[in-house]
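Residue numbers (numbering that gives the first Met the number 0), protein chains in the order written: chain Z, 0 to 451; chain L, 0 to 451.
Here a beta-carbon is modelled for each residue, glycine too, at the ideal position from N, C-alpha and C.
Remember, predicted model here, so these are calculated numbers, not experimental data.
Step one of this worksheet: look at the structure below.
Protein chains: 2
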Amino acid sequence: MSGVQAAAGKKRPRVIVVGAGFGGIRAAQALGKMPVDVTVIDRRNHHTFQPLLYQVALAVLSPGDIAQPIRQILRHHSNIEVTMDEVVRFDLDAKRVYLKSDAVMVYDYLVIATGSTHSYFGHDDWADKAPGLKTVEDATEIRRRVLLAFELAERQMLEVGSHPPLNFVVIGGGPTGVELAGAISDISRLYMTKDFRHIDPSEANVLILEGSPHILGAYPPDLQKKAIEQLTKLNVRTRTGKHVTEIGEGYVMLGEERIESVCTLWAAGVQASPLGKMLGFPVDRKGSVLVDQYLNPPGHPEVFICGDLAHVEQDGKQVPGVAQPAMQMGTYAAKRIGQLVAGRDQGQKGFRYFDKGDMATIGRKAAVARIAWPFKANWSGFMAWIVWLVVHVFFLIGFRNRFSVFRQWTYTYIGKQEGVRLIVGSHDLPGRWRTRLPPQRRPSFRPIALRS
Amino acid sequence: MSGVQAAAGKKRPRVIVVGAGFGGIRAAQALGKMPVDVTVIDRRNHHTFQPLLYQVALAVLSPGDIAQPIRQILRHHSNIEVTMDEVVRFDLDAKRVYLKSDAVMVYDYLVIATGSTHSYFGHDDWADKAPGLKTVEDATEIRRRVLLAFELAERQMLEVGSHPPLNFVVIGGGPTGVELAGAISDISRLYMTKDFRHIDPSEANVLILEGSPHILGAYPPDLQKKAIEQLTKLNVRTRTGKHVTEIGEGYVMLGEERIESVCTLWAAGVQASPLGKMLGFPVDRKGSVLVDQYLNPPGHPEVFICGDLAHVEQDGKQVPGVAQPAMQMGTYAAKRIGQLVAGRDQGQKGFRYFDKGDMATIGRKAAVARIAWPFKANWSGFMAWIVWLVVHVFFLIGFRNRFSVFRQWTYTYIGKQEGVRLIVGSHDLPGRWRTRLPPQRRPSFRPIALRS
Numbered sequence: 000m001s002g003v004q005a006a007a008g009k010k011r012p013r014v015i016v017v018g019a020g021f022g023g024i025r026a027a028q029a030l031g032k033m034p035v036d037v038t039v040i041d042r043r044n045h046h047t048f049q050p051l052l053y054q055v056a057l058a059v060l061s062p063g064d065i066a067q068p069i070r071q072i073l074r075h076h077s078n079i080e081v082t083m084d085e086v087v088r089f090d091l092d093a094k095r096v097y098l099k100s101d102a103v104m105v106y107d108y109l110v111i112a113t114g115s116t117h118s119y120f121g122h123d124d125w126a127d128k129a130p131g132l133k134t135v136e137d138a139t140e141i142r143r144r145v146l147l148a149f150e151l152a153e154r155q156m157l158e159v160g161s162h163p164p165l166n167f168v169v170i171g172g173g174p175t176g177v178e179l180a181g182a183i184s185d186i187s188r189l190y191m192t193k194d195f196r197h198i199d200p201s202e203a204n205v206l207i208l209e210g211s212p213h214i215l216g217a218y219p220p221d222l223q224k225k226a227i228e229q230l231t232k233l234n235v236r237t238r239t240g241k242h243v244t245e246i247g248e249g250y251v252m253l254g255e256e257r258i259e260s261v262c263t264l265w266a267a268g269v270q271a272s273p274l275g276k277m278l279g280f281p282v283d284r285k286g287s288v289l290v291d292q293y294l295n296p297p298g299h300p301e302v303f304i305c306g307d308l309a310h311v312e313q314d315g316k317q318v319p320g321v322a323q324p325a326m327q328m329g330t331y332a333a334k335r336i337g338q339l340v341a342g343r344d345q346g347q348k349g350f351r352y353f354d355k356g357d358m359a360t361i362g363r364k365a366a367v368a369r370i371a372w373p374f375k376a377n378w379s380g381f382m383a384w385i386v387w388l389v390v391h392v393f394f395l396i397g398f399r400n401r402f403s404v405f406r407q408w409t410y411t412y413i414g415k416q417e418g419v420r421l422i423v424g425s426h427d428l429p430g431r432w433r434t435r436l437p438p439q440r441r442p443s444f445r446p447i448a449l450r451s
Numbered sequence: 000m001s002g003v004q005a006a007a008g009k010k011r012p013r014v015i016v017v018g019a020g021f022g023g024i025r026a027a028q029a030l031g032k033m034p035v036d037v038t039v040i041d042r043r044n045h046h047t048f049q050p051l052l053y054q055v056a057l058a059v060l061s062p063g064d065i066a067q068p069i070r071q072i073l074r075h076h077s078n079i080e081v082t083m084d085e086v087v088r089f090d091l092d093a094k095r096v097y098l099k100s101d102a103v104m105v106y107d108y109l110v111i112a113t114g115s116t117h118s119y120f121g122h123d124d125w126a127d128k129a130p131g132l133k134t135v136e137d138a139t140e141i142r143r144r145v146l147l148a149f150e151l152a153e154r155q156m157l158e159v160g161s162h163p164p165l166n167f168v169v170i171g172g173g174p175t176g177v178e179l180a181g182a183i184s185d186i187s188r189l190y191m192t193k194d195f196r197h198i199d200p201s202e203a204n205v206l207i208l209e210g211s212p213h214i215l216g217a218y219p220p221d222l223q224k225k226a227i228e229q230l231t232k233l234n235v236r237t238r239t240g241k242h243v244t245e246i247g248e249g250y251v252m253l254g255e256e257r258i259e260s261v262c263t264l265w266a267a268g269v270q271a272s273p274l275g276k277m278l279g280f281p282v283d284r285k286g287s288v289l290v291d292q293y294l295n296p297p298g299h300p301e302v303f304i305c306g307d308l309a310h311v312e313q314d315g316k317q318v319p320g321v322a323q324p325a326m327q328m329g330t331y332a333a334k335r336i337g338q339l340v341a342g343r344d345q346g347q348k349g350f351r352y353f354d355k356g357d358m359a360t361i362g363r364k365a366a367v368a369r370i371a372w373p374f375k376a377n378w379s380g381f382m383a384w385i386v387w388l389v390v391h392v393f394f395l396i397g398f399r400n401r402f403s404v405f406r407q408w409t410y411t412y413i414g415k416q417e418g419v420r421l422i423v424g425s426h427d428l429p430g431r432w433r434t435r436l437p438p439q440r441r442p443s444f445r446p447i448a449l450r451s
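Structure below.
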């Protein structure tokens, strides 16, 4: 405790922030300037800039470009401590948080912002067959699978002289699905063609399967149409209105129809972090906690729920589970805690989401953008893509990351230079791709002629 | 086959290169300019610049900075194909290579350069407790363990108010051990002190255990002495002349003496890739194949063994298992194959290692360098470190990597900026560090006071 506080003879209120995503980091940064002591708890040591994760997955960026240690982000706030741990239970009445390490912490104010994770709609066995994209590890795994699909096809050409069609299936037509699909098309057509001798990576087919009637459901119809046009140019097909019924090794079932797939990715469903249900308050279908205008659950003005974990209604619509609202909620929660600490909490304004718009890229040099601020417009194509670039570099945390991403994009988009196509982790090739011919049929051959 | 060859009516000889380390890549690059068809086989999709791996392990560089896809390195040689596979057996009489994928390949010339791996001297169970440093995955694992050691100490302070001493033990006092130890000292003293509130990372102790009488055994005695001086300045202690007898969770036994260790790393022994013994020729103690002056094993002038897998004697001494000789052997093997293909193989010179010297860094801004070319000198300290920087940036493959490493070093060494301290992979904290107190003794406390 500093001398000033000791002289004041008053203990500073303790705020615990659980989760260091967009909501938690913004809350912590704002609390760092207030007369409170803050503990940030996260399972990971880093904050992840999720909107660019798909670029790590498709080997444009490195994990270090878009993730940064939480301690590093908050190091200059001397009233903040960070601990790498996991919450296993809350006792809101006793104002206690129970951690996986057996430690118990007491708080005066609590901010919960643990976000969301994939939902496989009850088919948890699909997780292995179609990985989703929420963490740096997920991105590395997706990269591994996409790159291995090409490696295996090349090897099969050497081994048996043919390979299954390079069908990539992305399940889910929201922004993440569209961005993944566009990026797969890009790397296969632009960057990988010179690398292989026996296969033609540009023959890759990418297919988006969306269960609802439209891709990019949150966007206005004219942008949906533009998105489909731009995807078609990239040789990405979309199929909507039918739900996937099964995912297996090398295929996806759409009702009775079997779609061959060398690599299946999941971008369909999300569910709130399980901590939401654990709190015991009413939750919505996705497990997000229904909070009031101050982001408090019923009866707990000292508890704030932010980001994807919070279900906030505004003008009859739910505030979407994306980065912008999460950041605004984090900042709001911190401000509100400041008011409560100062005893100025009567008659203050509730949270209001200030909608600046939405954006999704479609491969390189195209995007759709619903701009809501500083003017209203629906843009698509190259200009929307430029806006996307500028906004994303601007919002990245840390100068080093901004510079690094900017440099990498310059290489990739202007210089057509390769990205970071490393396969890290298991290099073991899945058994299903090892064409086990009976011994007498095994080809014993000189490597086949190189493509000229 | 190209028109010219078809007209000549002659099939081009097939060269198979196994392993894409320094030896294999150099051989392939030289063969890429010759009238042969080349197949490069490697288990991984990337070439790793091993001399800088310790900087990935200690979070200065990203994996993408020092590793590059093999296909990308060799893409401009249209006579080279790359396949990601693993050799399981050779049949040198039938000139065949059997692969894990069940494919069989026939060659005219064979270059084997599969390098070396860690040796735990028969204690394979030590591998989990003290990871070594040969691959990008190893580097990520070491980074995870070093960073987690600090995270756990901080958490233990929150939980029980004390933590075990931050002892890091590096087993092996060769260049890798010295570089790892110096880098651990660096990050703990320079970059991590502002990140923690309850522990002081600069209190970290680093200890090098070397079984032989001297660290850096391959260097002249005056450089060994300088190295110890420079290590002492970094608070790195060295103990020599005693062998480790046991490695356990949280400790290392040196005979009867128990040394506590929050993180133990292995840099002691190497052994040649198991393919060496599989060939059936005489091998040395480490499993490297005894080759003649043309790098051929007995009776097989069409088979070349390069790099760590080859035991080459020159002037009564063994050529060391480091990058320079491996590269020179690769280039020599390719040149020799060119001579054999052209029928100009009589009376040609055998391989001779051209020794330019050796270098090892000792933390930031110090190194030892035994310079053998273009002049002879033993340097230590800052100037040696500058030489080390220049040489390593120069030898990195690819402009992008060179630029990226240069930029990162500028940040790190001049700007004192943080590196890439991400923990990727399992964030689960090892059980041994979870202080399991009986329930009645569990502390239920407000987080302890922050350090002012």
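### Query
For the region 176-201 of chain Z, which residues have a beta carbon sitting closer than 8 Å to at least one beta carbon of chain L?
K193, D194, F195, R196, H197
### Query
Where does E228 of chain Z sit, in a helix, a strand or coil, going by DSSP?
helix
### Residues of its chain near R257 of chain Z, where Cβ-Cβ distance is below 6 Å and the 5 sequence neighbours each way are ignored
Y250
### Message
Rounded to the nearest angstrom, what separates V340 of chain Z and P34 of chain Z at their Cα positions?
### Response
8 Å
#### Entry: Beta carbon of H46 of chain Z nearer than 8 Å to that of G20 of chain Z
yes
### Query
Is it right to say S287 of chain L is buried, meaning 16 or more other beta carbons lie within 10 angstroms of its own, or is it exposed?
buried
### Query
Is the CB-CB distance between R95 of chain L and V103 of chain L below 8 Å?
Yes.
### Message
Distance check for D41 of chain L and V403 of chain L, CA to CA, integer angstroms please.
### Response
Here the sequence assigns Ser to residue 403 of chain L, which means Val is not the residue at that position. One Cα belongs to S403 of chain L, the other to D41 of chain L, and the distance between them is close to 25 Å.
### Distance, G268 of chain Z Cα to G320 of chain Z Cα
12 Å
### Query
Comparing the C-beta of R257 of chain Z with each C-beta of chain L, is any distance below 8 Å?
Not closer than 8 Å to any Cβ of chain L, the Cβ of R257 of chain Z fails to qualify, so no.
### Task
Count the other CB atoms, across all protein chains shown, that sit within 10 Å of the CB of V302 of chain Z; report buried if there are 16 or more and exposed otherwise.
Burial call: buried.
### Message
If you reduce the DSSP assignment to three classes, tell me which class A217 of chain L lands in.
### Response
coil
#### Entry: M156 of chain Z classed as buried or exposed, judged by whether at least 16 other C-beta atoms fall within 10 angstroms
buried
### Query
Between the region 74-91 of chain L and chain Z, which residues of the former have CB atoms less than 9 Å from a CB of the latter, in chain order?
R74, H75, S77, N78, I79, E80, V81, T82, M83, D84, E85
### Task
Can you tell me which of the three DSSP states G329 of chain Z falls into?
The DSSP-derived three-state label of G329 of chain Z is helix.
### Task
Classify M83 of chain L as helix, strand or coil using the three-state DSSP reduction.
DSSP places M83 of chain L in the strand class (E or B) of the three-state scheme.
### Task
Label F195 of chain Z either buried or exposed according to how many other C-beta atoms from any shown protein chain fall within 10 Å of its C-beta, with 16 as the threshold for buried.
buried
### Task
Can you grab the Cα-Cα spacing for the pair E153 of chain Z / R143 of chain Z, in whole Å?
If you take the alpha carbons of E153 of chain Z and R143 of chain Z, they lie about 15 Å apart.
### Query
Per DSSP, which one or two residues make a beta bridge with L514 of chain L?
Only positions 0 to 451 of chain L appear in this structure, which leaves residue 514 of chain L out of reach.
### Task
Identify every run of the beta strand (DSSP E) within the region 139-198 of chain L, keeping only runs that are complete inside it and at least 3 residues long; order them along the chain.
166-170
### Task
Please state whether DSSP places H391 of chain L in a helix, a strand or coil.
helix
### Query
Would you say A359 of chain L touches the ligand ADP, meaning its beta carbon is less than 7 Å from a heavy atom?
This structure simply doesn't include the ligand ADP, nor any ligand for that matter.
### Query
Going by beta carbon distance, what residues of the same chain come within less than 8 Å of L370 of chain Z, once the five residues before and after it are set aside?
According to the sequence shown, residue 370 of chain Z is Ile rather than Leu. Answer for I370 of chain Z: K355, G356, A376, N377, W378, V386, listed in chain order.
### Message
In the DSSP assignment, the alpha helix (DSSP H) including A27 of chain Z goes from what residue to what residue?
### Response
Note, A27 of chain Z: alpha helix (DSSP H), 21-30.
### Message
Quick check on S61 of chain L - is its C-beta less than 8 Å from some C-beta in chain Z?
### Response
yes
### Message
Using CA atoms only, rank isn't needed, just tell me which of Z:G275, Z:G63, Z:T237, Z:K348 is closest to Y331 of chain Z.
### Response
Comparing Cα positions, the closest option is Z:K348.
#### Entry: Chain-ordered neighbours of V39 of chain L on chain B, where CB pairs are closer than 9 Å
The structure shown contains no chain B; its protein chains are Z and L.
### Query
Between the Cα of L208 of chain Z and the Cα atoms of Z:F149, Z:S115, Z:G176, which residue gives the shortest distance?
Z:G176
### Task
Let me know the secondary structure DSSP gives W265 of chain Z once reduced to three states.
strand
### Query
DSSP on K276 of chain L, reduced to helix/strand/coil?
helix
### Message
So, for T237 of chain Z: in the same chain, excluding its five sequence neighbours on each side, which residues have a beta-carbon less than 7 Å away from its beta-carbon?
### Response
Within its own chain, the residues whose Cβ lies closer than 7 Å to the Cβ of T237 of chain Z, once the five positions on either side in sequence are excluded, are G172, I207, E209, I214, I227, L230, listed in chain order.
### Task
Report yes or no: do three or more beta-carbon pairs, one from the region 9-18 of chain L and one from the region 381-395 of chain Z, lie closer than 8 Å?
no
### Query
Interface residues of chain L around V423 of chain Z at Cβ under 8 Å?
Neighbours of V423 of chain Z on chain L, chain order: P62, V135, E136, T139.
### Query
Looking at C-alpha atoms only, which residue of L:W125, L:P50, L:L52, L:A112 is the closest neighbour of V16 of chain L?
L:A112
### Query
Whose Cβ in chain L lies nearer than 9 Å to the Cβ of H45 of chain Z?
R420, L421, I422, V423
### Task
Below 8 Å on the Cβ atoms is my guess for K364 of chain Z versus I246 of chain Z; work out the distance and round it to an integer in Å.
So it is not a contact: roughly 32 Å between Cβ atoms.
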